[in-house]
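Residue numbers (our numbering): 1154 to 1342.
Beta carbons: idealized from backbone N, C-alpha and C, even for Gly.
Worksheet: the structure to be examined is printed underneath.
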Amino acid sequence: MFIRSERLFLRPGWPEDWAELHVLIDDEAVVRNLARAPWPYSPTDARAFAAMPQAGRHPHFFITLPGVHGSRLIGCIGLAANQVDVELGYWIAQQHWGQGYATEAAQAVLSVARTLGHRRVIATPFVDNAASARVLAKAGFRHTGEVRQVRSPARVAPVAARVHAIDLVAPADCDGPEDGGFAPMRRAA
1154 MFIRSERLFL RPGWPEDWAE LHVLIDDEAV VRNLARAPWP YSPTDARAFA AMPQAGRHPH
1214 FFITLPGVHG SRLIGCIGLA ANQVDVELGY WIAQQHWGQG YATEAAQAVL SVARTLGHRR
1274 VIATPFVDNA ASARVLAKAG FRHTGEVRQV RSPARVAPVA ARVHAIDLVA PADCDGPEDG
1334 GFAPMRRAA
């Protein structure tokens, strides 16, 4: 699955992406805000992530920035099953922070989430990650009032994380009523 937004191209990872991925995510400032990424982040971790297969209703994407000389990897984003919820997770390489890429990628993935039939998506940024909370607010998420203790391999102890959620509107039903919308066209013989 591929997604094109205004400035970004979201695509599956390919095994040959591992080296570029490793250079970008092998940064404690990035990984300390992630609950699932190992720390330290090794080349083996990058190879495994780049080769990870897609999960039908829970896709993940490499966020790339198209340019004159091809597309550069700038981060990752995806949906994951989390107990009863679907959770959005993402990261952007530090040199690309503050440019709206995370918000743009989140909005694009939420559009796909809706198409995949998800009705609610959550995200759980750490309380000390105000930038991620702003990204989520711009993408339409609202803080639920719930706070969870979440572990990050790059932190010593569990950290409080605020649960944000967005309720997605169902896609328009273009099939019409049960009879396919043909009743008005039928004539009595």
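Could you check if residue i is buried or exposed, using at least 16 other CB atoms within 10 Å of its CB as the buried criterion?
i, result
"G1270", "exposed"
"V1237", "exposed"
"V1176", "exposed"
"D1281", "exposed"
"D1320", "exposed"
"F1155", "exposed"
"V1262", "buried"
"V1288", "buried"
"A1190", "buried"
"A1208", "exposed"
"A1204", "exposed"
"A1342", "Residue placement at A1342 is poorly supported in this model, since its pLDDT is 41, which falls under 50; the coordinates are not used for a value here."
"A1290", "exposed"
"A1310", "exposed"
Determine the DSSP secondary structure at residue i, reduced to helix, strand or coil.
i, result
"H1271", "coil"
"F1294", "coil"
"Q1302", "strand"
"D1198", "helix"
"P1278", "coil"
"V1221", "coil"
"R1287", "helix"
"E1173", "helix"
"E1257", "helix"
"A1266", "helix"
"F1335", "Annotation note: pLDDT 42 at F1335 (below 50); position unreliable, no value reported."
Ignore the nearest five residues each way along the sequence and tell me which others in residue i's own chain have a CB closer than 7 Å to its CB.
i, result
"Y1243", "G1228, C1229, I1230, A1255, A1258 and A1259"
"R1225", "T1217 and L1218"
"E1159", "E1257"
Return yes when the Cβ of residue j is within less than 8 Å of the Cβ of residue i, no when it is not.
i, j, result
"P1278", "A1314", "yes"
"T1297", "A1318", "yes"
"A1284", "W1250", "yes"
"D1180", "Q1252", "no"
For residue i, which residues in the same chain have their Cβ closer than 6 Å to its Cβ, ignoring the five residues on either side in sequence?
i, result
"R1240", "The sequence as given places Glu at residue 1240; Arg does not occur at that position. A1233 and I1275."
"V1300", "A1313 and R1315"
"P1206", "none"
Near residue i, what residues of its chain come up, given a Cβ to Cβ distance below 8 Å and the 5 sequence neighbours on each side ignored?
i, result
"A1172", "P1196 and A1199"
"R1273", "D1238, V1239, A1318, I1319, D1320 and L1321"
"P1168", "R1200, A1203 and A1204"
"A1292", "T1256, A1259, Q1260, L1263 and I1319"
| query | Does the stretch 1176 to 1188 come close enough to the stretch 1209 to 1216 to have 3 or more Cβ pairs within less than 8 Å? | reply | no
| said: Does the contact criterion of 3 or more C-beta pairs under 8 Å hold for the stretch 1162 to 1181 versus the stretch 1217 to 1228? | reply: yes
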